[in-house]
Amino acid sequence: MMDRRMFAAGALVAAAFAISAQEAAALDVKDPENTLVMTLRSGDVIIELMPDVAPQHVERVKTLAREGAYDGVAFHRVIPGFMAQTGDVEHGNTTKGFSAGRAGTGGSNYPDLKAEFSQTPFERGTLGMARSQSPNSANSQFFICFEESAWLNGQYTVFGKVVDGMQHVDNIKMGSRADNGAIDGDPDAIISLKVAADL
């Protein structure tokens, strides 16, 4: 009986993903090759990439998305009124021995990227690449701004913007502002991140 219930639950999840993919494919996007569909707990987020602003960073994120590297990766740092950070494909995967203490310290197997700073402002829905103190240390981690964050302008690489579904980003489990966005308990995660052209 348990096996049947598990199978039925799995079938429902698969059906939900199929519907999501069909809906995403039907979206009237300007450039499917440079559009991402991020599935979160409460729904899909449509992200328009900016290859004209940050070509190397856009290519890196698309490569990792096509490898499925972001699927299951936690939002390990979420600061209310500021941003939600994710993308640690090395230590942040909630389906592969996730450790809250290590999430946010890793990257991908690819080399770090040279900064592609621009005049594109950090506004609500802007996606920026996370980095260490070195400007040329972005790799796989990124963040989505909840609000305008002008102090980041020209200091971090902007590579995309949410064009639909920002309400689902707002629903990501928040961390503690006093604890630099650390999550208490289990964090939310990216269910899937796909290039729209592949759906």
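According to mature numbering (1 follows the signal peptide of the UniProt record, and there is no 0), the stretch in the sequence shown is residues -26 to -1, 1 to 173, in order.
Every residue gets a Cβ at the ideal spot worked out from N, C-alpha and C, and that includes glycine.
The structure displayed is predicted, hence computed values, not measured ones.
- Here glycine 81 has Asp62, Val63, Glu64, Asn113, Ser114 and Gln115 as same chain residues with Cβ atoms under 8 angstroms from its own Cβ, once five neighbours each way along the sequence are excluded.
- The three-state secondary structure of valine 3, taken from DSSP, is coil.
- The DSSP-derived three-state label of asparagine 67 is strand.
- Under the three-state reduction of DSSP output, glutamine 59 falls in the strand class.
- Looking at the DSSP output, arginine 51 sits in a beta bridge with Gln59 and Ala156.
- For serine 123, the CB contacts under 6 angstroms within the same chain, skipping 5 residues up- and downstream, are Phe96 in chain order.
- Beta-bridge analysis with DSSP links aspartate 138 to Ile20.
- Residue pairing by DSSP puts isoleucine 118 in a beta bridge opposite Ala58 and Leu101.
- Minimum Cα-Cα distance from proline 29 among the listed residues Glu90, Asp158 and Ser106 corresponds to Glu90.
- Assignment of alanine 112 by DSSP, reduced to helix, strand and coil, places it in the strand class.
- Classified as exposed, proline 54 has fewer than 16 neighbouring CB atoms from the shown chains inside 10 Å of its CB.
- Here the C-alpha atom of threonine 79 lies approximately 11 angstroms from the C-alpha atom of serine 73.
- Boundaries of the alpha helix (DSSP H) harbouring lysine 36: 29 to 40, taken from the DSSP string.
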